[in-house]
Amino acid sequence: MSTDFVLSRLLDKPSAPIQLTEPVAVSGLPTPALVLERSILQKNIDSMRDFLAAKGKGFRPHSKTHKCPIIAKLQMEAGAVGVCAAKLSEAVALINSGLTEILITSPIVSKSKLEILNKVLPIGSDHDINIVLDSMIGLEGLLECLDADKVIGVLVDLDISMARTGLRSDEDLMRLLEKIQKTDRIKFKGIQHYAGYLMHLDNYGKRKEKSLNAWQTLEDKFLILERSGFSCEIVTGGGTGSYDIDVHVERLTDLQVGSYIFMDEEYRSIPTQTESRFTEFTPSLTVACTAISQPKQGMITVDGGYKAFASDSVNPVCDEIEGVDFHFAGDEHGVLVLGDSDTSIRIGDVVRFVTPHCDPTVNLHDFYWILEEDNLIHSCWPIVGRGCSW
Ligand SMILES: Cc1ncc(COP(=O)(O)O)c(C=O)c1O
Numbered sequence: 045m046s047t048d049f050v051l052s053r054l055l056d057k058p059s060a061p062i063q064l065t066e067p068v069a070v071s072g073l074p075t076p077a078l079v080l081e082r083s084i085l086q087k088n089i090d091s092m093r094d095f096l097a098a099k100g101k102g103f104r105p106h107s108k109t110h111k112c113p114i115i116a117k118l119q120m121e122a123g124a125v126g127v128c129a130a131k132l133s134e135a136v137a138l139i140n141s142g143l144t145e146i147l148i149t150s151p152i153v154s155k156s157k158l159e160i161l162n163k164v165l166p167i168g169s170d171h172d173i174n175i176v177l178d179s180m181i182g183l184e185g186l187l188e189c190l191d192a193d194k195v196i197g198v199l200v201d202l203d204i205s206m207a208r209t210g211l212r213s214d215e216d217l218m219r220l221l222e223k224i225q226k227t228d229r230i231k232f233k234g235i236q237h238y239a240g241y242l243m244h245l246d247n248y249g250k251r252k253e254k255s256l257n258a259w260q261t262l263e264d265k266f267l268i269l270e271r272s273g274f275s276c277e278i279v280t281g282g283g284t285g286s287y288d289i290d291v292h293v294e295r296l297t298d299l300q301v302g303s304y305i306f307m308d309e310e311y312r313s314i315p316t317q318t319e320s321r322f323t324e325f326t327p328s329l330t331v332a333c334t335a336i337s338q339p340k341q342g343m344i345t346v347d348g349g350y351k352a353f354a355s356d357s358v359n360p361v362c363d364e365i366e367g368v369d370f371h372f373a374g375d376e377h378g379v380l381v382l383g384d385s386d387t388s389i390r391i392g393d394v395v396r397f398v399t400p401h402c403d404p405t406v407n408l409h410d411f412y413w414i415l416e417e418d419n420l421i422h423s424c425w426p427i428v429g430r431g432c433s434w
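Residues 45 to 434 (our numbering) are what the sequence shown spells out, left to right.
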């Protein structure tokens with residue numbers, strides 16, 4: 045069997061909201077369940093949009109955080125100039141739902157994936173689907189796989205010191221530009237620079253200094269582009285940890301913010317310019333778990349472990365009950381150390397936790413359970429891009 049089935053499986057995934065026949069309270073959910081508070085979600089989207097718009101910057105939110113076409117459409121309706129996708133499969137989920145303003149922010153180089161990209165790309169230039177490039181191998185592969193009647197926008201990914209993706213050498217940049225110049229099926233759109241390594245620095249001054257320095261260092265590359273006759277329609281980058289810093293970079297046209305929409309403990313625990321914790325956006329996403337066992341006084345076990353929460357560093361946090369500490373107790377379990385709140389959680393209770401790291405946590409769940417202002421869940425939104433590892 046060829047590998048084509050991965051595409052058809054993804055294209056067959058339903059993406060429409062699922063209306064519940066009867067609204068349900070969080071306590072009635074099959075747990076662990078990913079709960080999304082609609083009013084907070086919308087407030088986060090609108091606040092980021094307003095902040096960027098007031099500074100004359102575009103809003104190009106990253107869908108790697110939510111992996112959900114319904115949310116991408118909300119962001120577009122709020123005025124986004126486009127949405128980002130981290131991977132081809134995430135982009136396919138968006139294209140399949142009718143979105144055509146997409147930037148894939150990680151290079152695609154393998155023939156199998158470039159062929160899929162070619163398949164899902166609409167004919168002609170009546171779309172705004174763009175990918176980043178950082179190697180001649182990627183560019184040549186793209187040219188080989190792209191049908192004669194298809195056009196795609198490209199941004200060159202530039203790196204300063206993250207050493208993940210992006211090119212650094214002036215010669216490599218010039219060679220890439222020369223080759224791009226010679227083809228009319230590839231439209232040069234601009235530059236991406238993303239400095240992920242600084243997003244969670246727990247010193248705002250350091251985050252600011254490092255981010256602004258990186259953008260300053262890129263000035264040489266912009267000179268090369270100008271000398272080669274290239275102008276940048278798009279200069280994109282930044283994230284939630286640098287949104288209010290990068291917004292002052294003149295070159296930048298738009299910001300690829302992702303996590304602001306949900307917020308998570310990793311972000312909440314870093315300082316902003318004025319506060320010791322990041323409170324400018326409010327957590328809209330929690331995982332509801334049920335207390336299922338209590339082998340020992342002072343502790344209680346919930347049904348969420350590594351299969352319900354993804355964490356690089358911190359643990360899930362319970363905002364609802366003060367003094368409760370979550371500890372991972374394996375794949376399916378977490379243990380709550382109850383502290384003074386010993387009597388406040390009993391077997392059968394459902395408790396919600398702010399996620400340690402929102403993007404990979406979302407990737408563990410099939411749906412968002414949408415919590416409305418009446419404190420009930422009326423619908424579920426499929427996380428179409430979950431498990432999309434390619
Ligand atoms: C290329 C790129 N852009 C933007 C983002 C969004 O960053 P954040 O979630 O910190 O807002 C990420 C996150 O990993 C990313 O990899």
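Even for Gly, the Cβ is constructed at its ideal location relative to N, Cα and C.
Bear in mind the structure is a predicted one, so any value in this text is a computation, not a measurement.
Relative to the alpha-carbon of residue i, which residue among the options has its alpha-carbon at the smallest distance?
| i | options | result |
| --- | --- | --- |
| glutamate 263 | Leu242, Glu294, Leu245 and Glu416 | Glu294 |
| glycine 249 | Ser320, Glu310 and Tyr238 | Ser320 |
| glutamate 184 | Val164, Ile148, Arg229 and Lys163 | Arg229 |
| leucine 242 | Ser213, Lys231 and Asp290 | Asp290 |
| asparagine 257 | Gln317, His171, His237 and Val164 | His237 |
| glycine 102 | His292, Pro404 and Arg312 | His292 |
| glycine 383 | Gln317, Ile344 and Ile115 | Ile344 |
| leucine 51 | Ile84, Leu165 and Ile62 | Leu165 |
| glycine 182 | Glu309, Arg219, Leu54 and His244 | Arg219 |
| serine 205 | Trp259, Lys155 and Leu221 | Trp259 |
| cysteine 276 | Lys252, Lys233, Val368 and Ser303 | Lys233 |
| isoleucine 173 | Gly126, Asp308 and Thr47 | Gly126 |
| serine 91 | Asp178, Lys226, Pro404 and Tyr287 | Tyr287 |
| glutamine 86 | Thr297, Leu245, Ile305 and Thr323 | Ile305 |
| arginine 271 | Lys254, Gly281 and Leu221 | Leu221 |
| glycine 302 | Lys108, Asn419, Ala69 and Val68 | Lys108 |
Here's a check: name, in chain order, each residue in its chain whose Cβ is nearer than 6 Å to the Cβ of residue i, leaving out the five neighbours to either side.
| i | result |
| --- | --- |
| serine 71 | Val394 |
| alanine 315 | Here the sequence assigns proline to residue 315, which means alanine is not the residue at that position. The answer, listed in chain order, is Tyr248. |
| glycine 374 | Gly349 |
| glycine 429 | Lys111, Glu134 and Ala137 |
| aspartate 356 | His401 |
Could you pull out every residue in the same chain whose Cβ sits closer than 7 Å to the Cβ of residue i, ignoring the five residues on either side in sequence?
| i | result |
| --- | --- |
| glutamate 376 | Asp347, Gly349 and Lys351 |
| isoleucine 167 | Asp193 and Lys194 |
| glutamate 416 | Arg82 and His422 |
| leucine 42 | The displayed coordinates of the chain run from 45 to 434. Any statement about residue 42 would go beyond what the structure contains. |
| isoleucine 235 | Leu199, Val200, Leu202, Cys276 and Val279 |
| isoleucine 358 | What sits at residue 358 in the sequence shown is valine, not isoleucine. So the qualifying residues of the chain are Glu309, Glu310, Ser313 and Pro400. |
Give the DSSP bridge partners of residue i, in chain order.
| i | result |
| --- | --- |
| isoleucine 160 | Paired residues: none, contrary to the question. |
| tryptophan 413 | Val79 and Cys424 |
| glutamate 145 | Asp172 |
| glycine 102 | Asp298 |
Once the 5 residues before and after residue i are set aside, which same chain residues still bring their CB inside 8 Å of it?
| i | result |
| --- | --- |
| leucine 132 | Ile148, Ile152, Lys157, Ile160, Leu161 and Trp434 |
| lysine 231 | Ser169, Val195, Ile196, Gly197 and Val198 |
| glycine 240 | Met206, Arg208 and Gly283 |
- Assess, as a yes-or-no matter, whether the stretch 354-362 is touched by the stretch 111-123 under the definition of 3 or more beta carbon pairs within less than 8 Å. no
- With a cut-off of 8 Å, do at least 3 Cβ pairs link the stretch 95-104 to the stretch 394-414? No, because fewer than three Cβ pairs between the stretch 95-104 and the stretch 394-414 fall closer than 8 Å, the two stretches do not touch.
- Query: So does the stretch 76-83 actually touch the stretch 328-340, counting three or more Cβ pairs closer than 8 Å?
  - Reply: Between the stretch 76-83 and the stretch 328-340 there are three or more inter-stretch CB-CB distances shorter than 8 Å, so the stretches are counted as touching.
- Item | Given 8 Å, three or more beta-carbon pairs between the stretch 52-69 and the stretch 415-428 | The stretch 52-69, when compared against the stretch 415-428, does touch it at the 8 Å Cβ threshold.
- Task: Enumerate, from N- to C-terminal direction, the unbroken alpha helix (DSSP H) stretches of 4 or more residues contained entirely within the stretch 176-257.
- Result: 180-189 and 214-225
- Can you list the beta strand (DSSP E) stretches of 3 or more residues lying completely in the stretch 366-397, in chain order? 369-372 and 378-381
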